[in-house]
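Okay, structure first, notes after.
Number of protein chains: 2
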Amino acid sequence: MKISSRFTVAVHVLSLISLNKNVVSTSEWIAESVNTNPVVIRRVMGKLKKAGLLDIRRGLGGATLQRNLADITLLDVYKAVEVVEDGELFQMHENPNPNCPVGANIQDVLELILFRAQDAMEVVLKEITMEELVKVLSKKIG
Amino acid sequence: MKISSRFTVAVHVLSLISLNKNVVSTSEWIAESVNTNPVVIRRVMGKLKKAGLLDIRRGLGGATLQRNLADITLLDVYKAVEVVEDGELFQMHENPNPNCPVGANIQDVLELILFRAQDAMEVVLKEITMEELVKVLSKKIG
DNA sequence: AATGGTTGTAATTATAATGGTTACATCGGA
DNA sequence: TCCGATGTAACCATTATAATTACAACCATT
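Structure below.
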């Protein structure tokens with residue numbers, strides 16, 4: 001199982017908006033770059049808006065960044081699109097046998113360790129801002 | 143989306159087998175502790191066997207560890223049950239528009255960063271052996 | 001050999017998430 | 001008022017998971 005593409009799509013959306021401040025960033029326009037349906041983009045943008053990352057205009061259309069790129073980490077984006085519900089990356093097998101010593105205790109032991117693993121991943125995402133990412137992207141575009 | 147419970151089930155299975163060397167660890171017996179169907183256990187054990195972690199006897203039944211617990215890391219188990227195919231935790235959105243500068247370059251930039259995040263998680267799993275886990279588990283059981 | 005119990009696996013089902021799509025009400029400037 | 005964009009609901013196809021039934025293959029024991 002992979003982490004939903006909503007996350008990478010969201011990063012794509014934010015990058016586009018920041019690099020094209022002259023163009024009106026409508027869902028249709030963005031969808032063309034991502035190569036998907038405008039509704040998919042609107043759903044992702046809706047979550048970014050809810051998280052306070054985007055401002056979206058209804059009548060005129062288009063979205064603008066609500067925060068400075070330097071103040072948006074990849075973890076913010078990751079959390080915004082709710083790609084992993086309630087922060088639990090690993091699925092525990094529910095209801096192990098409480099009468100078995102192992103079944104009764106394995107969950108607690110695993111939780112500790114798996115949270116550490118999950119956290120290590122999130123730390124990396126937290127250390128990278130959209131500003132850095134867009135800088136690398138810009139350099140690549142030339 | 144969460145990472146399949148196959149992983150936590152596999153850890154449960156290995157813990158059980160190591161802590162109950164006197165009992166014959168059949169799929170049915172293990173399934174009772176995990177609280178699932180024996181076939182689910184057999185499928186997981188099949189992958190552990192394929193990865194060289196388990197020995198499984200067909201006639202008499204039961205499984206035994208093929209490696210010392212100290213030589214089995216959680217990453218070994220994670221990889222064995224193929225919970226994340228071909229090592230790609232994050233799903234990229236496929237076929238971004240190559241005519242858009244952002245669409246044409248975002249994939250490469252993201253790949254680098256997301257691999258780092260994935261790797262950080264796997265490093266944590268690699269640092270923990272089944273021996274340590276079982277030790278903590280044993281202490282908890284008392 | 002025949003047997004009994006176990007593994008290996010195919011097939012089926014229910015459930016859930018995803019991503020795409022159509023449709024349409026809602027909203028806001030011009 | 002009107003036009004164009006957003007916000008959602010509804011629906012669908014696809015995919016992965018987990019559970020389950022069924023049964024062939026296998027092997028120590030009798």
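These protein sequence lines are chains A and B, in that order.
The first sequence begins at 1 in our numbering and counts up one residue at a time.
The second sequence begins at 143 in our numbering and counts up one residue at a time.
Using N, Cα and C, we set each Cβ at its ideal position, and we do this for glycine too.
Please read all numbers here as calculations on a predicted model, not as lab measurements.
In the DSSP assignment, the alpha helix (DSSP H) including residue i goes from what residue to what residue?
i	result
B/M272	M272 to I283
A/A70	Unbroken run through A/A70: none, as it is neither H nor E.
B/N239	No alpha helix (DSSP H) holds B/N239; DSSP gives it neither H nor E.
A/L89	Looking at the DSSP string, A/L89 is not in any alpha helix (DSSP H), and its letter there is neither H nor E.
Given this structure, state the Cα-to-Cα distance separating residue i from residue j, to the nearest angstrom.
i	j	result
B/N164	A/D86	40 Å
A/V123	B/K144	18 Å
B/T178	B/G204	17 Å
A/V11	A/V102	42 Å
B/Q233	A/E127	20 Å
B/T206	A/R116	29 Å
A/L19	B/D261	29 Å
B/S146	B/S167	23 Å
B/V297	A/T129	The structure shown does not extend to residue 297 of chain B, since chain B spans only 143 to 284, so no value can be given for it.
A/G42	A/L16	Rather than Gly, the amino acid found at residue 42 of chain A in this sequence is Arg. Each residue's Cα considered, the two are about 14 Å apart.
B/S169	B/M187	8 Å
A/P38	B/C242	16 Å
A/T73	A/G59	29 Å
B/Q249	B/L231	14 Å
A/L75	A/L125	5 Å
B/E174	A/L110	19 Å
B/R199	B/K189	15 Å
B/L254	A/P98	43 Å
B/V276	A/N105	11 Å
A/Q66	A/V34	21 Å
A/V9	A/H93	30 Å
B/V219	A/W29	44 Å
B/L256	A/E131	16 Å
B/I283	A/F7	40 Å
A/K139	A/M121	26 Å
A/L69	A/V13	13 Å
A/D219	A/P96	The question about residue 219 of chain A has no answer, for chain A in this structure spans 1 to 142.
A/V40	B/V182	35 Å
B/D213	A/D71	43 Å
In three-state DSSP terms, what is residue i?
i	result
B/V225	coil
B/E264	helix
A/E127	coil
Report task. Report the residue ranges of all beta strand (DSSP E) runs contained in full by the stretch 2-68 of chain A; include only those spanning at least 3 residues, in chain order. Result -> 54-56 and 63-65
**Report entry** the stretch 37-51 of chain A touching the stretch 79-94 of chain A, judged by at least three CB pairs closer than 8 Å
**Finding:** Contact holds: three or more Cβ-Cβ distances are below 8 Å.
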